[in-house]
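Novice: In order, the protein sequence lines correspond to chains A and B.
Per the numbering used here, the first sequence starts with residue 53, numbered consecutively.
Per the numbering used here, the second sequence starts with residue 53, numbered consecutively.
There are 2 protein chains.
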Amino acid sequence: MTSYKIAVIGGTGPQGRGLAYRFAKAGHTVVVGSRASERAEQTATDIATRIDDTAQISGADNVTAAGSADVVLLAVPYEGHAALVESLWAQLADKVVISCVNPIRFDARGPYGLRVGDGSAAEEAQRIVTDARLVGAFHHLSAVSLWSEAELLDHEDVLVCGDNSQATDVAVHLARAITGRDGINAGALRLARHLEPLTATLISINKRYKIRSGIRIVGLEHKV
Amino acid sequence: MTSYKIAVIGGTGPQGRGLAYRFAKAGHTVVVGSRASERAEQTATDIATRIDDTAQISGADNVTAAGSADVVLLAVPYEGHAALVESLWAQLADKVVISCVNPIRFDARGPYGLRVGDGSAAEEAQRIVTDARLVGAFHHLSAVSLWSEAELLDHEDVLVCGDNSQATDVAVHLARAITGRDGINAGALRLARHLEPLTATLISINKRYKIRSGIRIVGLEHKV
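1) So the beta strand (DSSP E) residue 155 of chain A belongs to, where does it begin and stop?
2) Quick one: what's residue 196 of chain B bridged to in DSSP?
3) Would you tell me roughly how many angstroms separate the C-alpha atoms of residue 189 of chain A and residue 196 of chain A, rounded to the nearest one?
4) With burial defined as no fewer than 16 other Cβ atoms inside 10 Å of the residue's Cβ, what is the status of residue 209 of chain B: buried or exposed?
5) Could you please tell me which residues of the stretch 189–211 of chain A, in chain order, have their CB closer than 8 Å to any CB of chain B?
6) Classify residue 249 of chain B as helix, strand or coil using the three-state DSSP reduction.
7) Chain A beta carbons: is any one of them nearer than 8 Å to that of residue 276 of chain B?
8) Our contact map puts residue 164 of chain A next to residue 252 of chain A with C-beta atoms below 8 Å; I'd like the distance itself, whole angstroms only.
9) Is there a C-beta anywhere in chain A that falls below 8 Å from the one on residue 172 of chain B?
10) If you count every other CB in all the chains shown that lies within 10 Å of the CB of residue 275 of chain A, and 16 or more means buried, which is it?
11) Using 8 Å as the Cβ pair cut-off and three pairs as the minimum, do the stretch 229–237 of chain B and the stretch 154–162 of chain B touch?
12) When you compare the CB of residue 246 of chain A with every CB in chain B, is at least one pair closer than 8 Å?
13) Rounded to whole angstroms, what is the Cα-Cα separation between residue 109 of chain A and residue 204 of chain B?
14) Going by DSSP in three states, residue 170 of chain B sits in which element: helix, strand or coil?
15) Once DSSP output is grouped into helix, strand and coil, what is the label at residue 73 of chain A?
16) Identify the residues that DSSP records as bridge partners of residue 285 of chain B: which are they?
17) Between the stretch 174–190 of chain A and the stretch 206–225 of chain A, can you find at least three pairs of beta-carbon atoms closer than 8 Å?
18) What are the start and end residues of the alpha helix (DSSP H) that includes residue 220 of chain A?
19) For residue 211 of chain A, which beta-bridge partners are listed by DSSP?
20) Are any of the Cβ atoms in chain A nearer than 8 Å to that of residue 216 of chain B?
21) Taking the C-alpha atoms as reference points, what is the distance between residue 277 of chain A and residue 206 of chain A?
22) For residue 179 of chain B and residue 144 of chain B, what's the separation of their Cα atoms in angstroms?
23) Can residue 89 of chain A and residue 63 of chain A be called in contact, C-beta distance under 8 Å?
24) Cβ of residue 142 of chain B less than 8 Å from any chain A Cβ?
25) Is there contact between the stretch 246–266 of chain A and the stretch 234–251 of chain B, where contact requires at least three CB pairs shorter than 8 Å?
26) Buried or exposed: which applies to residue 218 of chain B, given that a residue is buried once 16 or more other Cβ atoms fall within 10 Å of its Cβ?
27) Unbroken beta strand (DSSP E) runs of length 3 or more, entirely within the stretch 87–114 of chain B: which are they?
28) Run through the DSSP bridge pairs and tell me what residue 263 of chain A is partnered with.
29) How far does the beta strand (DSSP E) with residue 59 of chain B in it extend, from its first residue to its last?
30) When you compare only the Cα positions, how much space is there between residue 167 of chain B and residue 270 of chain A?
31) From residue 134 of chain A to residue 172 of chain A, what distance separates their C-alpha atoms?
32) Under 6 Å Cβ to Cβ from residue 114 of chain B, same chain only, skipping five residues before and after it: list those, please.
33) For a contact meaning CB atoms closer than 7 Å, what does residue 250 of chain A contact in chain B?
34) Quick check on the burial criterion: 16 or more other C-beta atoms within 10 angstroms. Buried or exposed for residue 147 of chain A?
35) Is the CB-CB distance between residue 125 of chain B and residue 71 of chain B below 8 Å?
36) Where does residue 157 of chain A land, buried or exposed, given buried means 16+ other C-beta within 10 angstroms?
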């Protein structure tokens, strides 16, 4: 299996921490990024403790983390997203940048997807760092499931979108660390505007049915 | 099983015809609606031929169809949607109105979801006919699968959203005609703005993998 050096920006948050854990557990080299390097280092230690001595995981401030990796995963809240991407401009250029950012909000009627000027957070990042190879993926995985003892989340699919096929292939492959299977290449990057707010629908289902829901693409046997 | 009288507006199109077939096959009374009653009657005859003498299915122009039913399913293209809903205003008031309308378009880069002023086609219909009880459902089912010989599409889920719980319950129940299981109540009607364009993502997956994809919600066993 190809092994990558992955920086998880926002790696101390629940989603970032869960993905960092899964990538490190699968043998990738992971740098947890955070605004404060101390917090990132603490999360890296917490993750290493859950795996074993072979885990290749460290912590650093976001700029250092992004600069040190081949693949950068953006796992930050949408609030402040544009400013954060701008602050990493020099580190993201020419890299495979995977966004699992979910621009969603909550009100009395539940969760809903925000209207984003660029269409999606992934497209916003692509506009800011033109030279990065943006991919949208890993939006729909429950942070609790990621951080759980489950060996794999093999009941779920990872949906991937992007305009650069080499970059989308990286995310398709990285999905194996989560589900044990390749991710599903859904198509162009602009489809991130549909994948990102789907998370609001899943959270709504979670609240109603008191579950941790995920998505599976079915019909793979129905060849046309 | 509760049986409904369902008008399928746009019932001569692939999606409408397939849903009309499935509902009639499951024992519901179905009126296929079309602009021209002759075409609607022809489709009703085609569907009855595929079932048997017990099928309760007929055809009529859209206005007559909508006026005769308890439940109205909007299965029309998004182009002309607002004008069509306005033309049925008197027939839709106070009814359960289920929209499976998908505002999507295609260009050289593939399918994508349109930005709809009201957020979604379902919300647009709700704004036009304030007194109707709008539900979004049945967006993601392949017309080919619906019209196939498969007894049930039991590998797929029907996602339902709506603000009136009695109306959403009707769609949740009607899903049994398609999948053999209740539909999944995803939450508020505004989530239709995420469910509708998800169809673009599925069509994109279909083109890439040469399949007829569908959605399954997984994790129902992960109670929290």
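Even for Gly, the Cβ is constructed at its ideal location relative to N, Cα and C.
Specialist: According to the structure shown:
1) Where residue 155 of chain A is concerned, there is no enclosing beta strand (DSSP E), given that its DSSP letter is neither H nor E.
2) Answer is none; residue 196 of chain B lacks a bridge partner.
3) Spanning the two alpha carbons is a distance of roughly 18 Å.
4) Buried, because 16 or more other Cβ atoms sit within 10 Å of the Cβ of residue 209 of chain B.
5) Residues passing the 8 Å Cβ filter: 194, 196, 197, 207, 208 and 211.
6) Judged by DSSP in its simplified three-state form, residue 249 of chain B adopts helix.
7) Proximity of residue 276 of chain B to chain A, defined by a Cβ-Cβ separation below 8 Å, is satisfied.
8) 5 Å between Cβ atoms; contact.
9) No, its Cβ sits nowhere closer than 8 Å to a Cβ of chain A.
10) It is exposed - the Cβ of residue 275 of chain A has fewer than 16 other Cβ atoms within 10 Å.
11) Using a Cβ-Cβ distance cut-off of 8 Å, the stretch 229–237 of chain B and the stretch 154–162 of chain B are not in contact, since fewer than three pairs of beta carbons, one from each stretch, lie closer than that value.
12) At least one beta carbon of chain B lies nearer than 8 Å to the beta carbon of residue 246 of chain A.
13) Taking the straight line joining both Cα atoms gives about 48 Å.
14) It is coil, neither helix nor strand.
15) In the three-state DSSP reduction, residue 73 of chain A falls in the helix class (H, G or I).
16) With chain B covering 53 to 276 only, the question about residue 285 of chain B has no answer from this structure.
17) Judged by Cβ distances under 8 Å, the stretch 206–225 of chain A makes contact with the stretch 174–190 of chain A, as three or more pairs qualify.
18) It spans 217–226 - the alpha helix (DSSP H) in which residue 220 of chain A sits, taken as one unbroken run.
19) Beta-bridge annotation (DSSP): residue 211 of chain A is paired with A:236.
20) Chain A contact via Cβ: absent.
21) Past the boundaries of the shown model lies residue 277 of chain A; chain A is included only from 53 to 276, so the question cannot be answered.
22) The straight-line gap from Cα to Cα measures roughly 12 Å.
23) Contact annotation: residue 89 of chain A and residue 63 of chain A have beta-carbon atoms that are not nearer than 8 Å.
24) So, not an interface residue.
25) Yes: the two stretches touch, three or more of their Cβ pairs being nearer than 8 Å.
26) By the beta-carbon neighbour count (other beta carbons within 10 angstroms, threshold 16), residue 218 of chain B is exposed.
27) The DSSP assignment places 109–113 as complete runs of the beta strand (DSSP E) inside the stretch 87–114 of chain B, in order along the chain (cut-off: 3 residues).
28) DSSP output for residue 263 of chain A lists B:275 as bridge partner(s).
29) It spans 57–61 - the beta strand (DSSP E) in which residue 59 of chain B sits, taken as one unbroken run.
30) Near 27 Å, if we compare the C-alpha coordinates of residue 270 of chain A and residue 167 of chain B.
31) Taking the CA atoms as reference points, residue 134 of chain A sits about 11 Å from residue 172 of chain A.
32) Around residue 114 of chain B: 61 and 85.
33) Going along chain B in sequence order, the residues near residue 250 of chain A (Cβ under 7 Å) are 246 and 250.
34) That one is buried.
35) Yes; because the gap between Cβ atoms is below 8 Å, this pair is in contact.
36) With a threshold of 16 other beta carbon atoms within 10 Å, residue 157 of chain A falls short and is exposed.
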